[in-house]
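Numbering (this note's numbering), first residue to last: 1 to 416.
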Ligand code: GLU
């Protein structure tokens, strides 16, 4: 197995959980594969008048617990295997937070940084024309992910409603609030992760208000984690942050709000006044209390796991740690909050968004926060309870909680 093929990794993680749970052969084999997947070839009329061809995917991994749910990534390195892995992780994610949804994921292999607004809109609409008839609040519900935005969700919903001929806001989540988005969806991924850090600190008896932290990846999740960490935990020092163009550090602390403004103005954290440069690799190895990997998959591997010094690793990214690295971190006593638990806040508020769309009545921000807190805290505690029995690294423990729920739903339906 390659350490870097995300789907091979997702299957290996499942295999380990299946063995520990004593899953029967048929259920195990069934859960190793997507139930359904779609591949599209999308022609896009460019502003220049030429036509470019793009590859798109949607994987509906498992819908035993409810309609499939998961984001859409627009990334130059997107492949069917990354989408399959991410769809599998969505299945475990909706299960571990116990929301009545399955797992799915989609993507287009493209570089949105090179597309104009008009090209992005036409690509979004083309994607929906290709897959729209397989989507819907009772079928499969996309959302934002790497390089996709509320604006893209709005174009997609509009195209879908044009196709079906009636209002159907629950077919996609992460929409702008003025057209059926939920309060609190924007920062939900980071917020859910910080709630998990808060619960971990209670469990480890750590004085979290004095903790130092570093963030690798300064996209949607990373930027919100920068400010929410100290807001929710009552303090903390952000010592370093990085993105695909570079990183910055200051051991006396970076001003989080000013750093977010700098990122929004310049497109990168690099050259933030009053900081020293640091590489993405060195940032991961800093001696901090909490490390937030919030970039892409494959950041912590067998090559650098031994050098990680954080006490808590809160995975806001999907798939940042490989199975080899998991074992090393576990032996070093590092407390991992695995991705599909730590970043489940996003899909949890997406679920709230679907619920609000369906009964056409909208909640206050306070209601969203308190419901999210309850879901994340319950999920953290379910994993903690299992860890007392299972004595394994935390990802495996979280897998055991999530997989056993999905397996039970498959059995109840009479599939296996
Ligand atoms: N893309 C996010 C994730 O990986 C959110 C998915 C959703 O809201 O459906 O969890």
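Virtual Cβ for every residue (Gly too), placed ideally from N, Cα, C.
Three or more Cβ pairs drawn from the region 310–330 and the region 292–301 lie within less than 8 Å of each other, which places the two stretches in contact.
The count of Cβ pairs closer than 8 Å, one atom from the region 22–39 and one from the region 373–388, stays below three, leaving the stretches out of contact.
In the structure shown, the three-state DSSP call for residue 38 is strand. Residue 399 is not a Cβ neighbour of residue 89, given a cutoff of 8 Å. Residue pairing by DSSP places residue 172 opposite no residue, since no beta bridge is assigned to it. Here the C-alpha atom of residue 229 lies approximately 24 Å from the C-alpha atom of residue 150. Contact between residue 372 and residue 188 holds: their C-beta atoms lie close to 6 Å from each other, under 8 Å. Bounds of the beta strand (DSSP E) holding residue 105 are 103–109. Within the same chain, and ignoring the five residues on either side of residue 82 in sequence, the residues whose Cβ sits closer than 6 Å to its Cβ are 6. Excluding the 5 residues flanking it on each side, residue 147 has same chain C-beta neighbours closer than 7 Å at 73, 74, 75 and 112, in chain order. Per DSSP, residue 242 is one residue of the beta strand (DSSP E) stretching across 237–243. Between residue 271 and residue 285, the C-beta gap is not smaller than 8 Å, which leaves the two residues out of contact.
Runs of the beta strand (DSSP E) spanning 3 or more residues and lying entirely within the region 125–171 do not occur at all.
Under the DSSP assignment, residue 92 falls in the alpha helix (DSSP H) whose first and last residues are 80–96. Not one heavy atom of ligand 1 sits closer than 7 Å to the Cβ of residue 235. Secondary structure note for residue 403: its alpha helix (DSSP H) is the uninterrupted segment 394–412. In summary, residue 162 is exposed, with fewer than 16 beta-carbon neighbours lying within 10 Å of its beta-carbon over all protein chains present. With a 10 Å radius around the Cβ and a threshold of 16 neighbouring Cβ atoms, residue 395 comes out buried.
Given a length threshold of 3 residues, each whole run of the beta strand (DSSP E) inside the region 178–223 is given here in chain order: 212–216.
For residue 54, the uninterrupted beta strand (DSSP E) run begins and ends at 51–62, by DSSP. For residue 315, the number of other beta carbons within 10 angstroms of its own is at least 16, and it is reported as buried.
For residue 328, the distance from the CB to the nearest heavy atom of ligand 1 is not below 7 Å. Around the beta carbon of residue 273, a 10 Å sphere encloses fewer than 16 other beta carbons of the protein chains shown; the residue is thus reported as exposed. Between the beta-carbon of residue 94 and that of residue 103 there is about 6 Å, and that keeps the pair under the 8 Å contact cut.
In this structure, DSSP gives residue 44 an extended state, which the three-state scheme calls strand. The beta-carbon distance between residue 173 and residue 141, rounded to whole angstroms, is 6 Å. This is short enough to meet the 8 Å contact definition.
For the options 47, 336, 403 and 28, the alpha carbon positioned closest to that of residue 197 is the one of 336.
Taking residue 259 as the centre and dropping the five residues before and after it, the same chain places the C-beta of 226, 241, 269 and 272 closer than 7 Å to its C-beta, in chain order.
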